[in-house]
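Student: First, the structure itself, so that you have it in front of you.
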């Protein structure tokens with residue numbers, strides 16, 4: 089039986105600072121709890137999945153996990169025409185995107201939440217481009233890239249472009265910035 093590894097390694101516990109844990113909030117008051125612009129960019133580039141929210145008809149927030157890609161400096165994902173997410177974003181484009189460093193090989197720990205507007209894009213050339221970029225982003229092998237593209241690029245596939253309004257970041261609970 090494999091040895092279980094703790095979620096937070098013991099050697100990281102000495103980096104926890106109780107004075108920081110209770111100071112979450114305004115980044116202008118507590119810059120020690122924020123990721124730098126460079127760290128945010130690194131996280132967006134390295135991230136493997138994003139959690140995105142949408143609001144149901146009754147206003148209840150729902151979060152789903154998605155693949156994403158970057159095209160021309162913008163974040164994109166896809167959905168299928170008729171799904172709840174498409175209908176929700178057409179009613180109300182407000183959403184939040186969350187990315188975490190968990191499981192990534194980055195020299196820092198933390199996460200970001202991006203308040204954004206989701207824009208549904210039906211242009212077939214753009215949808216094709218987003219589906220191809222998903223393949224390139226997630227698979228190094230050309231055959232796998234082509235297979236993912238074929239699976240995604242269906243007649244009812246739509247692209248979703250996210251227009252960021254605000255980025256909120258945090259360093260993992262109580263981690264001291266070096």
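Numbering (the working numbering), first residue to last: 89 to 266. Yeah, the Cβ is synthetic: ideal placement off N, Cα and C, and Gly gets one too.
Would you call residue 247 buried or exposed, if buried means 16 or more other Cβ atoms sit within 10 Å of its Cβ?
Tutor: Within the chain shown, the letter at position 159 stands for residue 247. Counting Cβ neighbours within 10 Å, residue 247 comes out buried, since at least 16 surround it.
Student: Can you have a look at residue 144 and say buried or exposed, based on whether 16 or more other CB atoms are within 10 angstroms of its CB?
Tutor: Start at 1 with the first residue of the chain shown, and residue 144 comes out as number 56. Classification for residue 144: exposed.
Student: Report back the beta-carbon spacing between residue 201 and residue 256 to the nearest angstrom; my notes put them in contact at under 8 Å.
Tutor: Indexing the chain shown from 1 puts residue 201 at position 113. Indexing the chain shown from 1 puts residue 256 at position 168. With 8 Å as the limit, residue 201 and residue 256 qualify as a contact, their Cβ atoms being about 5 Å apart.
Student: What is the residue span of the alpha helix (DSSP H) that residue 197 lies within?
Tutor: Taking the chain shown and counting its residues from 1, the one referred to as residue 197 is at position 109. Residue 197 -> no alpha helix (DSSP H), and no H or E assigned at all.
Student: Which residues in the same chain have their Cβ closer than 6 Å to the Cβ of residue 273, if we skip the five residues on either side of it in sequence?
Tutor: With the chain covering 89 to 266 only, the question about residue 273 has no answer from this structure.
Student: Among the candidates 182, 158, 126, 127, whose CA atom is the shortest distance from the CA of residue 140?
Tutor: Working through the chain shown from its first residue, we reach residue 140 at position 52. With distances taken between Cα atoms, residue 140 lies closest to 182.
Student: Take every Cβ of the stretch 237-254, pair it with every Cβ of the stretch 163-176, and state whether three or more of those distances are shorter than 8 Å.
Tutor: yes
Student: Less than 8 Å between the CB atoms is what I'm expecting for residue 222 and residue 236, so what's the real figure, rounded?
Tutor: Here residue 222 is taken as the residue at index 134 of the chain shown, counted from 1. Here residue 236 is taken as the residue at index 148 of the chain shown, counted from 1. Indeed, because the Cβ distance is near 6 Å, the residues count as touching under 8 Å.
Student: So, with DSSP's three-state summary, where would you put residue 238?
Tutor: Taking the first residue of the chain shown as position 1, residue 238 is located at position 150. Reduced to three states, the DSSP call for residue 238 is helix.
Student: According to DSSP, simplified to helix, strand and coil, what is residue 203?
Tutor: Start at 1 with the first residue of the chain shown, and residue 203 comes out as number 115. Residue 203 falls in the strand class under three-state DSSP.
Student: Have a look at 210, 159, 187 and flag the residue whose alpha-carbon is nearest the alpha-carbon of residue 243.
Tutor: Counted from its first residue, the chain shown places residue 243 at position 155. Checking every option, the nearest Cα to that of residue 243 belongs to 210.
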